[in-house]
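Report on one structure; see the data block that follows.
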């Protein structure tokens with residue numbers, strides 16, 4: 188079972204063209220911002236660092252004594268992996284690596300030691316299944332009540348270069364349905380629920396954008412076991428999950444100025460916190476690029492006039508009969524403007540044969556506009572405008 192195939196992100200495109208290092212040195216990411224004191228005690232808050240609006244990273248610890256790692260909490264996969272001291276590929280050299288010999292609670296599955304492979308659209312992870320104790324970070328607010336959770340994870344021995352030196356995270360912690368897991372072990376969220384460590388069988392994401400939240404008091408976060416309703420405005424709308432592998436929902440249509448321009452007869456959408464953009468079938472994405480006057484550039488990127496933010500229309504995703512507009516200020520990505528004198532469209536495409544039917548991936552671009560709740564108890568997704 189292979190998780191969602193993610194096309195190359197803008198970070199990967201920049202890296203392949205030798206531009207990423209220059210940009211990151213010029214524009215380092217900002218520190219973590221903390222919550223106010225007005226907190227719902229039933230909610231476990233995991234603070235996330237927004238890395239250039241490309242990825243959101245949180246801290247976990249594993250082992251005894253605890254070893255700290257930066258991970259992406261990814262709704263587009265269900266496996267959990269970390270690099271190890273036995274990984275000698277170049278991609279591991281600039282990341283924290285787990286040392287089993289330094290943990291008194293580390294163990295291998297009883298009677299089993301075998302190599303496993305995790306396949307992602309951007310590369311592969313090879314490693315072995317292991318177990319150790321997840322814990323809250325000792326100096327930061329906790330990500331759930333993780334104490335004494337003996338958790339299965341993949342200890343990587345080989346990591347593709349796509350997860351290399353310019354990637355701001357060490358590993359990935361999947362939050363999709365267990366049916367999507369390539370390694371048939373209980374995922375972290377399911378273990379928390381089964382052990383009674385969270386009060387509700389759901390989690391939520393609040394993702395900020397740097398420009399939108401500059402000077403704001405709230406930073407990005409993952410909420411486990413409850414929802415802080417002060418992080419969205421208006422009515423929370425629920426839509427059923429159509430296939431319990433990804434967080435997948437029915438997409439009615441995609442419109443611009445009231446005219447359907449894609450997904451004419453309905454299609455599917457996957458909410459994916461591990462993807463930074465909005466991905467769709469090639470023909471439909473080309474239609475959007477034409478409407479917003481984006482021009483093809485290197486590595487399948489589309490560039491766009493940075494000064495057209497106020498002139499271009501919203502691209503509206505209709506879900507459950509409700510319009511979810513994505514404005515030009517969001518889909519015109521300006522992080523290249525000062526460095527390279529251009530902006531980039533945040534709509535990207537994947538090969539038409541990636542899925543058996545028309546499917547869209549609504550990544551962080553969309554999810555930073557809409558507070559999202561992932562309700563495993565009722566197999567539904569909640570969406571509301573993020574504050």
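Residue numbers (the numbering used here): 188 to 574. Just so it is clear, CB atoms sit at the ideal spot from N, CA and C, and this is done for glycine as well.
message: Can you tell me which residues form a DSSP beta bridge with residue 311?
response: Here residue 311 corresponds to residue number 124 of the chain shown, with the count starting at 1. According to DSSP, residue 311 bridges with 306.
query: What's the gap between the Cα of residue 439 and the Cα of residue 471?
result: To locate residue 439, count along the chain shown from 1; it is residue 252. To locate residue 471, count along the chain shown from 1; it is residue 284. For residue 439 and residue 471, the distance between alpha carbons rounds to 14 Å.
Residue 473: first and last residue of the uninterrupted alpha helix (DSSP H) it sits in: By one-based count along the chain shown, residue 473 stands at place 286. 469-478 is the span of the alpha helix (DSSP H), which, as asked, contains residue 473.
Beta-carbon proximity check, residue 552 vs residue 465, cutoff 8 Å: What you label residue 552 is simply residue 365 of the chain shown in a count that begins at 1. What you label residue 465 is simply residue 278 of the chain shown in a count that begins at 1. Yes; because the gap between Cβ atoms is below 8 Å, this pair is in contact.
query: What are the uninterrupted segments assigned as beta strand (DSSP E) that are 3 or more residues long and contained completely in the stretch 383-461, given in chain order?
result: 389-393, 408-411, 424-427, 434-438, 440-443, 446-449, 454-458
query: Less than 8 Å separating the beta-carbons of residue 411 and residue 233?
result: Walking along the chain shown from the start, residue 411 turns up at place 224. Walking along the chain shown from the start, residue 233 turns up at place 46. Yes. Within cutoff.
Residue range of the alpha helix (DSSP H) that includes residue 517: Counting from one through the chain shown, the residue named residue 517 turns up at place 330. Here the alpha helix (DSSP H) through residue 517 covers 515-518.
message: Tell me which residue opens and which closes the alpha helix (DSSP H) that residue 293 is part of.
response: By 1-based counting over the chain shown, the position of residue 293 is 106. Per DSSP, residue 293 belongs to no alpha helix (DSSP H) and is neither H nor E.
- prompt: Any chance the stretch 313-321 sits against the stretch 249-257, with 3 or more Cβ pairs inside 8 Å?
  reply: yes
field: Per-residue burial, residue 275 [other beta carbons within 10 Å of its own, 16 or more giving buried]
entry: Along the chain shown, read from residue 1 onward, the residue named residue 275 stands at position 88. Result: exposed.
C-alpha gap between residue 288 and residue 316, whole angstroms: By 1-based counting over the chain shown, the position of residue 288 is 101. By 1-based counting over the chain shown, the position of residue 316 is 129. So the alpha carbons of these two residues sit roughly 15 Å apart.
query: Is it buried or exposed for residue 282, if we count other Cβ within 10 angstroms and need 16 for buried?
result: As a first step, residue 282 must be located in the chain shown, where it is residue number 95. Per the 10 Å Cβ criterion, buried.
- prompt: Starting from residue 379 and walking both ways along the alpha helix (DSSP H), at which residues does that stretch end?
  reply: Position 192 of the chain shown holds residue 379. It spans 375-381 - the alpha helix (DSSP H) in which residue 379 sits, taken as one unbroken run.
message: Using only CA atoms, which one of 300, 547, 307 lies nearest to residue 436?
response: One-based indexing of the chain shown puts residue 436 at position 249. Per the Cα distances, 547.
task: Give every residue of the same chain whose Cβ lies closer than 6 Å to the Cβ of residue 425, excluding the five residues on either side of it in the sequence, and list them in chain order.
output: Residue 425 sits at position 238 when you count from the first residue of the chain shown. Excluding positions up to five away in sequence, the list reads 567, 569.
query: Which residues mark the beginning and the end of the alpha helix (DSSP H) in which residue 551 is found?
result: For the purposes of this step, residue 551 is taken as the residue at position 364 of the chain shown. Per DSSP, residue 551 belongs to the alpha helix (DSSP H) from 551-554.
task: Go to residue 232, then tell me how far its beta strand (DSSP E) extends in each direction, as first and last residue.
output: Here residue 232 is taken as the residue at index 45 of the chain shown, counted from 1. Per DSSP, residue 232 belongs to the beta strand (DSSP E) from 231-234.
field: Where the beta strand (DSSP E) containing residue 338 begins and where it ends
entry: Within the chain shown, the letter at position 151 stands for residue 338. From DSSP, the beta strand (DSSP E) with residue 338 extends over 336-346.
- prompt: Do you know how far the Cα of residue 339 is from the Cα of residue 545?
  reply: The residue labelled residue 545 in the question sits at position 358 within the chain shown. The residue labelled residue 339 in the question sits at position 152 within the chain shown. Near 34 Å, if we compare the C-alpha coordinates of residue 339 and residue 545.
field: Spatial neighbours of residue 530 in its chain, beta-carbon cut-off 8 Å, leaving aside the 5 residues before and after
entry: The residue given as residue 530 occupies position 343 in the chain shown. Cβ neighbours of residue 530 beyond the five flanking positions: 490, 491, 492, 493, 519, 520, 521, 523, 524.
task: Compute the Euclidean distance between the alpha carbons of residue 449 and residue 504, then round it to the nearest angstrom.
output: Stepping through the chain shown from its first residue, residue 449 is reached at position 262. Stepping through the chain shown from its first residue, residue 504 is reached at position 317. Cα to Cα, residue 449 sits roughly 10 Å from residue 504.
query: Near residue 360, which residues of its chain fall below 8 Å by C-beta distance, leaving aside the five closest residues on each side in sequence?
result: As a position in the chain shown, residue 360 is number 173, starting the count at 1. Around residue 360: 247, 258, 259, 260, 261, 267, 375.
- prompt: According to the Cβ coordinates, are residue 367 and residue 433 closer than 8 Å?
  reply: Counted from its first residue, the chain shown places residue 367 at position 180. Counted from its first residue, the chain shown places residue 433 at position 246. Yes, the pair counts as a contact, with Cβ atoms nearer than the cut-off.
Inter-residue spacing [alpha-carbon to alpha-carbon] between residue 499 and residue 422: The sequence position of residue 499 within the chain shown is 312, counting from 1. The sequence position of residue 422 within the chain shown is 235, counting from 1. Rounded to whole angstroms, residue 499 to residue 422 spans 27 Å at the Cα level.
task: Would you kindly check if the distance between the Cβ of residue 346 and the Cβ of residue 454 is under 8 Å?
output: Here residue 454 is taken as the residue at index 267 of the chain shown, counted from 1. Here residue 346 is taken as the residue at index 159 of the chain shown, counted from 1. Not a contact, by the Cβ cut-off of 8 Å.
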